Amino acid sequence: MGDAVSREQAAREIAELRQVIAEHEYRYYVLDDPVISDAEFDKLFRRLQQLEAQYPELITPDSPTQRVGGQVSSAFRAVPHTRAVLSLGNAFSESELRAFDRRAKELSRARELDYVVEPKIDGLSVILRYDNGRFTLALTRGDGLSGEDVTANVRTIGSVPLALRPVPQGVPEYLEVRGEVFLPKEGFRKLNEEREQQGLAVFANSRNAAAGSLRQLDPKVTASRPLRALFYELRELRGNVPMPGTETGCLELLKALGFPVPVYYYCESIGEVIDIISEWQEKRHTLPYDIDGMVVKVQDLALAQSLGATGHSPRSQIAFKFPAEQVETKINDIIVQVGRTGVLTPIAILQPVTVSGSVVSRASLHNEDLIREKDIRIGDTVILQKAGDIIPEVVAVVKDKRTGEEVEFSMPEACPSCGSPVVRPAGEVAHRCINISCPAQLKESLIHFCSRDAMDIRGLGPAIIESLLQAGLINDAGDLYNLTQEDIAKLPGMGQKSVSNLVRSIEASKSRPLHKLIYAFGIRHVGARTAAVLSRHFSSLDEIMDATEERLMQVEDVGPETAKAVVMFFRQDSVRKLIDKLRSAGVEAAIGRQANTEQTGPLSGKTLVLTGTLSSMTRHEAQEHIERLGGKVSSSVSRNTFALVVGSSPGSKLDRARALGVRVMTEQEFLDLIHGRSSVDGN
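According to this note's numbering, numbering within the sequence shown proceeds without interruption in unit steps and concludes at 793.
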């Protein structure tokens, strides 16, 4: 393989390399049976890159080298689906599965039905289109009627075929397939580790990580993340390749064309379906990716089509959702953590146990009342589950396994961090440390101050804050703005690039808007929403500081407790000194007036409702954007609703909005609005 080759020789070698690389990708992603090492594959890939660099006119969109990511996009355009992309109805028990079977038999007048069962992958649904065997378009599910064009990003996913493998009849003239993009467990773990090291917020689960990765405006970011895809629905097929008559036939054809498909089972009865699901409930965590249930499909496609669909879902399919997995473990100890507001939280130290695919060794017990209610003692055997498959939760005590050696727990009378008295205010379930200079409170308050929803100081995570405190470099949030490069460089593990990035991040945070600073203070009863309301009502921090309880209670959503907490907070000498430091450092929201664009913004006086999952941001972030533009967010649709913003898997709010004639806004339309690319009327 010499470097100097003619164009004709290069064209032949490029064609051969593409064919060989495509075959190896097929064996790796579809058959799970690689026959060469990663190093050998990389050598082939580099040779192809070399030849294409020498003759760029020979590069085609289906070349494996084109996965690496193209130009940065300013937005994702909305594209209508060829037909509605439906969601699935849910079943949560064996009786509900049997009821589904009975309904399908009654509607189809069939005595028996056979089914296909496959894992329900916890990822992001995508629709891919192929013209004459070439990948041409990828859309998200969106609201089911139209989706966002994510072609450039999907192209970077190695398991997505850029060119279809021919079957005996050739390749289809047109093919449309539905699949799921996901992040494997190991890739998710590594991604969160990297984000934690960079001081970025970690993803709550692999689905959020996959959605966030797929909706990057820069395809190179998507390419850097180990996304995979599995395909399970052949939506349309035209040309010489005939459409199979069964679900298993479709899956086999997809596999032959080069698509990786999930493991699946053919079942001759609903009884077999239930057996398969029971088996998978036990082994769901053996898969390298997350699943949250099993999908059951009528095998015969003609019969399935005759069953039709409801407004949301096909009557021929149903998703069985797994219940939260429960395991037994032992409470070895109960310790107490001190939060940023001085609240003491009891934490169960558990015998490490695997639940929902990860090892759990700690769980919050929340407060003393809950411990008394559940009669939890040190040494107890307890039932543990993950609420929403995420947060460890002690469900109950297995009292039959008590030995008599268990020890009752009581909240301490002195703070475990500073030794100050602990009090339980009347009417509250929480115990609190009364020392506002408590080291534990200081650390937690600094972590909160730097968090994404607050001042968003990227790279300044718990470990660096701990190091700064131990080195005596900071005593409050104001000291962060006096740190020098030399100060930060003294900290363990801080290289020159990390130091420079952190200094830039601290400087950038000085321009955060008023509502973020208010939230960053960590005032009791003042969450991000209330902080936004206060920043809209008052023109400056000084006005809020000088406001009386009576004036504060005139603000929407501010009650007596919140008003009192705000007044008490700003009366503290330590808080006034902190604000003076922030002003001296040049923190803009602390210095002067904030332009109150929210009061006269494009959404002023308008109410919006959110439904479904937004792939570009959290619901809280969407609410922030709406409030920044002067709008309000409601939890229910009415005739007074300006618009319903629809993400993936929308609920019944979508039906109600359509029935009332309320405007339905896709995620892309919402993004265009909040970023100023369109007006309120959609123009």
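Using N, Cα and C, we set each Cβ at its ideal position, and we do this for glycine too. Remember, it's a predicted structure, so these values are computed and weren't measured experimentally.
Report buried or exposed for residue i, applying the criterion of at least 16 other Cβ atoms within 10 angstroms of its Cβ.
{"i": "Glu-258", "result": "buried"}
{"i": "Phe-245", "result": "buried"}
{"i": "Thr-192", "result": "exposed"}
{"i": "Ile-445", "result": "exposed"}
{"i": "Ile-544", "result": "exposed"}
{"i": "Gly-537", "result": "exposed"}
{"i": "Leu-54", "result": "Here the chain comprises residues numbered 111 to 793, so residue 54 is not present and cannot be evaluated."}
{"i": "Val-264", "result": "buried"}
{"i": "Asp-152", "result": "exposed"}
{"i": "Thr-658", "result": "exposed"}
{"i": "Asp-683", "result": "exposed"}
{"i": "Leu-578", "result": "buried"}
{"i": "Ser-520", "result": "exposed"}
Please return the same chain residues whose Cβ sits closer than 6 Å to the Cβ of residue i, not counting the five positions on each side in sequence.
{"i": "Val-790", "result": "Pro-712"}
{"i": "Pro-282", "result": "Leu-347, Gly-349, Val-351"}
{"i": "Tyr-591", "result": "Ala-695"}
{"i": "Phe-298", "result": "Ser-316, Ala-319"}
{"i": "Glu-779", "result": "none"}
{"i": "Leu-601", "result": "Ser-577"}
Residue i and residue j: beta carbons closer than 9 Å?
{"i": "Arg-251", "j": "Ser-269", "result": "no"}
{"i": "Val-636", "j": "Ala-699", "result": "no"}
{"i": "Arg-338", "j": "Pro-372", "result": "no"}
{"i": "Leu-718", "j": "Val-756", "result": "no"}
{"i": "Pro-174", "j": "Leu-272", "result": "yes"}
{"i": "Leu-198", "j": "Ala-429", "result": "yes"}
{"i": "Ala-564", "j": "His-558", "result": "yes"}
{"i": "Arg-766", "j": "Val-747", "result": "yes"}
{"i": "Leu-454", "j": "Arg-542", "result": "yes"}
{"i": "Lys-295", "j": "Tyr-138", "result": "no"}
{"i": "Leu-161", "j": "Glu-123", "result": "yes"}
{"i": "Val-774", "j": "Arg-749", "result": "no"}
{"i": "Gln-436", "j": "Gln-391", "result": "no"}
{"i": "Leu-556", "j": "Ile-575", "result": "yes"}
{"i": "Leu-720", "j": "Leu-754", "result": "yes"}
{"i": "Gly-740", "j": "Ser-714", "result": "yes"}
{"i": "Val-406", "j": "Ala-201", "result": "yes"}
{"i": "Asn-734", "j": "Ala-638", "result": "The sequence shown places Glu at residue 734, rather than the Asn named in the question. Taking 9 Å as the Cβ cut-off, Glu-734 and Ala-638 qualify as a contacting pair."}
{"i": "Ala-214", "j": "Arg-487", "result": "no"}
{"i": "Phe-432", "j": "Ile-401", "result": "yes"}
For residue i, collect the residues of the same chain with a Cβ closer than 8 Å to its Cβ; drop the 5 residues on either side in sequence, then sort them by chain order.
{"i": "Ala-524", "result": "Ser-530, Pro-531, Val-532"}
{"i": "Arg-472", "result": "Ile-457, Ala-458, Ile-459, Leu-460, Pro-502"}
{"i": "Ile-386", "result": "Val-227, Tyr-375, Cys-377, Met-404"}
{"i": "Lys-626", "result": "Asp-563, Ala-564, Met-565, Asp-566, Ala-641, Ala-699"}
{"i": "Gln-606", "result": "Ala-599"}
{"i": "Thr-420", "result": "Gly-199"}
{"i": "Ile-616", "result": "Ile-567, Leu-570, Leu-590, Tyr-591, Leu-593"}
{"i": "Pro-572", "result": "Lys-553, Ile-557"}
{"i": "Leu-475", "result": "Ile-444, Thr-455, Pro-456, Ile-457, Ala-458, Ile-481, Ile-486, Val-504"}
Could you compute how far the alpha carbon of residue i sits from the alpha carbon of residue j?
{"i": "Asp-589", "j": "Val-470", "result": "36 Å"}
{"i": "Thr-261", "j": "Leu-324", "result": "10 Å"}
{"i": "Met-655", "j": "Leu-692", "result": "15 Å"}
{"i": "Ser-725", "j": "Ala-120", "result": "42 Å"}
{"i": "Thr-451", "j": "Phe-679", "result": "11 Å"}
{"i": "Leu-770", "j": "Phe-752", "result": "11 Å"}
{"i": "Ser-423", "j": "Asp-410", "result": "17 Å"}
{"i": "Phe-313", "j": "Leu-301", "result": "9 Å"}
{"i": "Gln-176", "j": "Tyr-165", "result": "15 Å"}
{"i": "Val-145", "j": "Leu-340", "result": "21 Å"}
{"i": "Gln-129", "j": "Pro-276", "result": "12 Å"}
{"i": "Glu-777", "j": "Ile-784", "result": "11 Å"}
{"i": "Gly-289", "j": "Tyr-136", "result": "17 Å"}
{"i": "Lys-509", "j": "Asp-479", "result": "19 Å"}
{"i": "Pro-623", "j": "Ile-169", "result": "47 Å"}
{"i": "Glu-389", "j": "Ile-231", "result": "17 Å"}
{"i": "Ala-630", "j": "Ser-561", "result": "8 Å"}
Short of 7 Å in beta carbon distance, which residues of its chain neighbour residue i, apart from the five on each side in sequence? Order them along the chain.
{"i": "Ala-194", "result": "Gly-254, Leu-255"}
{"i": "Gln-709", "result": "For Gln-709, the predicted model reports a pLDDT of 49, less than 50, meaning its position is unreliable and no value from the coordinates is stated."}
{"i": "Ile-233", "result": "The question names Ile, yet the displayed sequence has Gly at residue 233. Hits under 7 Å: Glu-290, Val-291, Phe-292, Arg-317, Ala-320."}
Is the shortest distance between the beta-carbon of residue i and the beta-carbons of chain D less than 9 Å?
{"i": "Glu-389", "result": "No chain D appears in the structure shown, which is made up of a single protein chain."}
>> Taking 8 Å as the cut-off, does the stretch 208–226 touch the stretch 155–166 (at least 3 CB pairs, one atom from each stretch)?
In response: no
> Just checking, does the stretch 371–391 make contact with the stretch 205–215 on the three C-beta pairs under 8 Å criterion?
Replying inline: yes
> Counting pairs of Cβ atoms below 8 Å between the stretch 625–644 and the stretch 654–667, do you hit three or more?
Replying inline: yes
> How about the stretch 325–335 and the stretch 431–448: do they share at least three Cβ pairs that are nearer than 8 Å?
Replying inline: no
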